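Number of protein chains: 2
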Amino acid sequence: MVTQRDVARRAGVSVRTVSNVVNNFAYVSEETRAQVQRALDELDYRPNLAARSLNRGRSNLLALVLPLDVPYFTELAAHVVDQAEERGYTVLLDRTEGSAERERQILMRRDRSALFDGFIFSPLGLTEDELRSWAGDCPAVMLGEVQVEGVDHVAIDDTAAAKAATEHLISLGRTRIAAIGVPHRPKASAGRPARATAAHRSAGYEQALTEAGLPIRPELTVRVRRYQRQDGRDAMERLLDLAEPPDAVFCYNDLLALGAMRAVLARGLRVPQDVAVAGFDGIDEGRFATPPLTTVVPDKARIAELAVTRLLERVEGDKSPAVQLEAPWRLMIDESTAGVPEAGE
Amino acid sequence: MVTQRDVARRAGVSVRTVSNVVNNFAYVSEETRAQVQRALDELDYRPNLAARSLNRGRSNLLALVLPLDVPYFTELAAHVVDQAEERGYTVLLDRTEGSAERERQILMRRDRSALFDGFIFSPLGLTEDELRSWAGDCPAVMLGEVQVEGVDHVAIDDTAAAKAATEHLISLGRTRIAAIGVPHRPKASAGRPARATAAHRSAGYEQALTEAGLPIRPELTVRVRRYQRQDGRDAMERLLDLAEPPDAVFCYNDLLALGAMRAVLARGLRVPQDVAVAGFDGIDEGRFATPPLTTVVPDKARIAELAVTRLLERVEGDKSPAVQLEAPWRLMIDESTAGVPEAGE
Numbered sequence: 001m002v003t004q005r006d007v008a009r010r011a012g013v014s015v016r017t018v019s020n021v022v023n024n025f026a027y028v029s030e031e032t033r034a035q036v037q038r039a040l041d042e043l044d045y046r047p048n049l050a051a052r053s054l055n056r057g058r059s060n061l062l063a064l065v066l067p068l069d070v071p072y073f074t075e076l077a078a079h080v081v082d083q084a085e086e087r088g089y090t091v092l093l094d095r096t097e098g099s100a101e102r103e104r105q106i107l108m109r110r111d112r113s114a115l116f117d118g119f120i121f122s123p124l125g126l127t128e129d130e131l132r133s134w135a136g137d138c139p140a141v142m143l144g145e146v147q148v149e150g151v152d153h154v155a156i157d158d159t160a161a162a163k164a165a166t167e168h169l170i171s172l173g174r175t176r177i178a179a180i181g182v183p184h185r186p187k188a189s190a191g192r193p194a195r196a197t198a199a200h201r202s203a204g205y206e207q208a209l210t211e212a213g214l215p216i217r218p219e220l221t222v223r224v225r226r227y228q229r230q231d232g233r234d235a236m237e238r239l240l241d242l243a244e245p246p247d248a249v250f251c252y253n254d255l256l257a258l259g260a261m262r263a264v265l266a267r268g269l270r271v272p273q274d275v276a277v278a279g280f281d282g283i284d285e286g287r288f289a290t291p292p293l294t295t296v297v298p299d300k301a302r303i304a305e306l307a308v309t310r311l312l313e314r315v316e317g318d319k320s321p322a323v324q325l326e327a328p329w330r331l332m333i334d335e336s337t338a339g340v341p342e343a344g345e
Numbered sequence: 001m002v003t004q005r006d007v008a009r010r011a012g013v014s015v016r017t018v019s020n021v022v023n024n025f026a027y028v029s030e031e032t033r034a035q036v037q038r039a040l041d042e043l044d045y046r047p048n049l050a051a052r053s054l055n056r057g058r059s060n061l062l063a064l065v066l067p068l069d070v071p072y073f074t075e076l077a078a079h080v081v082d083q084a085e086e087r088g089y090t091v092l093l094d095r096t097e098g099s100a101e102r103e104r105q106i107l108m109r110r111d112r113s114a115l116f117d118g119f120i121f122s123p124l125g126l127t128e129d130e131l132r133s134w135a136g137d138c139p140a141v142m143l144g145e146v147q148v149e150g151v152d153h154v155a156i157d158d159t160a161a162a163k164a165a166t167e168h169l170i171s172l173g174r175t176r177i178a179a180i181g182v183p184h185r186p187k188a189s190a191g192r193p194a195r196a197t198a199a200h201r202s203a204g205y206e207q208a209l210t211e212a213g214l215p216i217r218p219e220l221t222v223r224v225r226r227y228q229r230q231d232g233r234d235a236m237e238r239l240l241d242l243a244e245p246p247d248a249v250f251c252y253n254d255l256l257a258l259g260a261m262r263a264v265l266a267r268g269l270r271v272p273q274d275v276a277v278a279g280f281d282g283i284d285e286g287r288f289a290t291p292p293l294t295t296v297v298p299d300k301a302r303i304a305e306l307a308v309t310r311l312l313e314r315v316e317g318d319k320s321p322a323v324q325l326e327a328p329w330r331l332m333i334d335e336s337t338a339g340v341p342e343a344g345e
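Residue numbers (UniProt numbering), protein chains in the order written: chain A, 1 to 345; chain B, 1 to 345.
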């Protein structure tokens with residue numbers, strides 16, 4: 001079957017432009033419209049009429065509800081926007097900062113179905129009851145942190161990834177390996193859903209230590225309130241003040257790791273010689289840090305593709321049971337752990 | 001007059017919650033509703049009935065259309081969301097990456113007025129004609145880069161700020177001061193509005209050099225395609241390959257500066273001893289870089305406040321002539337230019 005993508009390639013325009021012509025939107029120039037029409041004719045493109053009929057009354061807007069103060073989500077959002085755009089949808093973002101009130105403000109609007117065809121979000125504030133009742137009557141896919149029964153969910157294997165990062169630090173001969181990012185409230189409480197991601201990362205960290213015969217030292221495990229650079233810096237300061245400070249640290253996201261690295265370097269200590277630092281997220285910022293950051297890189301493009309594909313199946317009426325979809329990840333080893341020797345060493 | 005803010009303080013809840021109660025939204029718990037109602041009664045709060053009547057038929061949604069791949073805008077967006085929330089509005093973000101098609105997709109929708117009460121945006125792709133005709137029938141405020149006649153605009157004095165940053169580098173005794181970030185297309189062309197910001201920063205850079213009696217050397221002025229870390233790194237590599245490389249560099253945003261700094265450090269050169277590096281934007285990332293980045297810090301909270309205030313005046317029917325609003329900035333001097341001496345030096 002000829003797709004809009006084929007037509008776009010032939011006409012030398014974007015899929016979005018083809019979609020605009022097919023849907024007879026106003027803002028395509030006459031010249032471009034003619035060019036696309038030629039390609040449509042040449043390829044004998046036939047729109048999926050069932051889909052277009054279903055499509056009536058829709059806004060073609062998807063809502064992406066995320067804490068955008070973390071670059072991981074900003075980068076993930078770019079992929080979601082791309083994936084949705086290829087399918088003719090516009091994505092609007094709502095930044096929540098994990099605030100329950102902000103999540104309610106957008107998710108609980110009475111006109112939400114008129115505004116949005118579907119939702120992709122990473123809820124941090126709503127209660128499990130709210131999420132379940134909400135998700136019951138709205139196409140939705142959840143990402144990351146929180147899982148709720150009966151709602152499609154996309155994530156990576158956080159335990160395996162955290163274990164691999166910790167094993168890498170062990171393989172360098174480090175024995176006092178700290179962890180920064182244990183949540184203050186790791187388990188479900190007060191009607192809130194479990195924040196699964198951090199708990200999974202802790203599990204992977206502990207498994208790696210145990211399998212290597214290393215003790216799990218509570219003083220090397222630091223809780224944080226948020227996942228920002230300053231939290232990582234504060235946590236590392238406390239670790240460096242210990243009588244026996246760590247020789248390596250695994251941070252549950254890259255911002256924590258960049259803050260931790262700053263704390264080490266600001267004391268005149270060296271990364272990785274004195275303290276090896278590993279992060280999680282694979283954000284662009286880590287590649288440009290000095291030294292560049294070793295990190296777990298989730299396949300963000302694949303996460304976005306799985307989430308958008310699943311969501312649009314729901315938008316089109318799929319009522320099958322909820323699924324857990326898993327995307328791949330890789331460990332990117334760089335100078336913050338396995339540094340190239342400095343001149344003179 | 002008693003405001004919702006007063007009521008919120010008395011009731012010990014957020015302004016948003018008060019607004020939800022006043023507007024009789026569904027998702028406030030009975031307990032909280034009673035608490036707010038007590039405070040409303042005690043303070044004898046009277047809603048602004050004219051405003052509430054005008055408010056009928058509105059979505060209470062604002063659109064913020066920005067290139068979110070630059071942390072400056074992500075941080076600015078947080079302030080806009082806060083400011084709008086205090087006034088009972090929800091902000092949805094559309095990330096454009098400066099693509100004209102994406103801007104059109106959201107700005108040119110036929111149902112835009114049903115979706116959004118107003119727009120705040122930083123357009124990079126639309127033509128001046130499109131912007132003028134669009135802004136004519138939609139409440140809108142523009143930020144940063146582009147100015148269009150007849151549309152309210154909020155910015156800082158880019159020329160003065162760039163001049164101050166360059167003068168700071170001159171005050172350190174540097175004489176070969178490079179600039180990274182000159183746009184490929186500095187002037188209006190092909191119907192596109194002038195990208196004013198970069199041109200203003202170039203003007204400030206050149207004024208500072210000229211007033212100090214230093215030559216403007218074309219080989220030290222590097223054009224970039226985008227304002228990302230990799231562009232800064234590539235530009236700096238070229239500068240370091242010159243027969244006479246620069247001893248300082250002023251970058252038109254922090255991402256360029258962080259990429260430039262990485263290029264210097266990766267060659268085993270020192271910042272600031274061999275090359276002093278200054279940026280522009282005051283993003284959080286720069287404070288955690290090693291060394292921390294000297295940068296121009298626009299007052300983002302004030303920019304957001306001016307933009308939201310002006311936009312809501314337009315939403316409420318203000319038809320007065322368009323204004324240029326200016327927010328303050330400051331130069332934050334840190335170790336990337338005025339480094340503390342290293343131990344042993």
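The C-beta atom is built at its ideal place from N, Cα and C for all residues, glycine as well. Computed from a predicted model, the values in this text were never measured in an experiment.
Status (buried if at least 16 other CB within 10 Å, exposed otherwise) for residue i
| i | result |
| --- | --- |
| Gln-324 (chain A) | exposed |
| Ile-216 (chain A) | exposed |
| Thr-3 (chain A) | exposed |
| Pro-67 (chain B) | buried |
| Gly-317 (chain B) | exposed |
| Glu-42 (chain B) | exposed |
| Gly-282 (chain A) | buried |
| Thr-210 (chain B) | exposed |
| Gly-12 (chain B) | exposed |
| Gln-273 (chain A) | exposed |
| Arg-229 (chain A) | buried |
| Ala-243 (chain B) | exposed |
| Pro-183 (chain A) | buried |
| Arg-201 (chain A) | buried |
Residue-chain proximity (residue i, chain A), Cβ-Cβ < 8 Å
| i | result |
| --- | --- |
| Leu-325 (chain B) | no |
| Ile-106 (chain B) | yes |
| Asp-284 (chain B) | yes |
| Asp-334 (chain B) | no |
| Leu-311 (chain B) | no |
| Asp-158 (chain B) | no |
Below-8 Å beta-carbon distance, residue i vs any chain B residue
| i | result |
| --- | --- |
| Ser-122 (chain A) | no |
| Ala-77 (chain A) | yes |
| Phe-119 (chain A) | no |
| Arg-229 (chain A) | yes |
| Glu-30 (chain A) | no |
| Ala-188 (chain A) | Residue placement at Ala-188 (chain A) cannot be trusted, given a pLDDT of 49 that sits under 50; the coordinates are not used to answer. |
| Arg-95 (chain A) | yes |
| Phe-73 (chain A) | no |
| Glu-101 (chain A) | yes |
| Thr-337 (chain A) | no |
Residue i in three-state terms, based on DSSP
| i | result |
| --- | --- |
| Asp-94 (chain B) | strand |
| Phe-116 (chain A) | coil |
| Arg-262 (chain A) | helix |
| Gly-317 (chain B) | coil |
| Val-148 (chain A) | coil |
| Met-142 (chain B) | strand |
| Met-236 (chain A) | helix |
| Gln-4 (chain B) | helix |
| Gln-338 (chain A) | At residue 338 (chain A) the sequence reads Ala, which differs from the Gln that was named. The answer is helix: DSSP assigns Ala-338 (chain A) an H, G or I state. |
| Val-249 (chain A) | strand |
| Gly-181 (chain A) | strand |
| Gln-230 (chain B) | helix |
### Query
Got a sec: which bits of the segment 5-22 of chain B sit with their beta carbon under 8 Å from any beta carbon on chain A, in order along the chain?
The segment 5-22 of chain B vs chain A, Cβ under 8 Å: Ser-14, Arg-16, Thr-17.
### Query
Listed from N- to C-terminal order along the chain, which residues in the segment 79-93 of chain B have their beta-carbon within a distance smaller than 7 Å of any beta-carbon of chain A?
Going along the segment 79-93 of chain B in chain order, one finds Val-81, Thr-90, Leu-92, Leu-93 with a Cβ nearer than 7 Å to chain A.
### Task
Give, in chain order, every residue of the segment 262-284 of chain A whose Cβ lies closer than 7 Å to some Cβ of chain B.
Under the 7 Å Cβ criterion, the segment 262-284 of chain A contributes Arg-262, Leu-265, Gly-268, Asp-284.
### Query
Pairing CB atoms from the segment 121-130 of chain B with CB atoms from the segment 95-113 of chain B, are three or more of them under 8 Å?
Segments in contact, yes.
### Task
Specify whether the segment 85-96 of chain A and the segment 81-96 of chain B touch according to this definition: at least 3 beta carbon pairs, one from each stretch, less than 8 Å apart.
Taking one beta carbon from each stretch, the segment 85-96 of chain A and the segment 81-96 of chain B have 3 or more pairs nearer than 8 Å; the two touch.
### Task
Name, going along the chain, the residues of the segment 232-262 of chain A whose beta-carbon falls closer than 9 Å to a beta-carbon of chain B.
Within the segment 232-262 of chain A, the residues whose Cβ lies closer than 9 Å to some Cβ of chain B are Gly-232, Arg-233, Leu-255, Leu-258, Gly-259, Met-261, Arg-262, listed in chain order.
#### Entry: Residues within the segment 122-148 of chain B neighbouring chain A, beta-carbon criterion of under 8 Å
Listed by position, the residues of the segment 122-148 of chain B near chain A (Cβ gap below 8 Å) amount to none.
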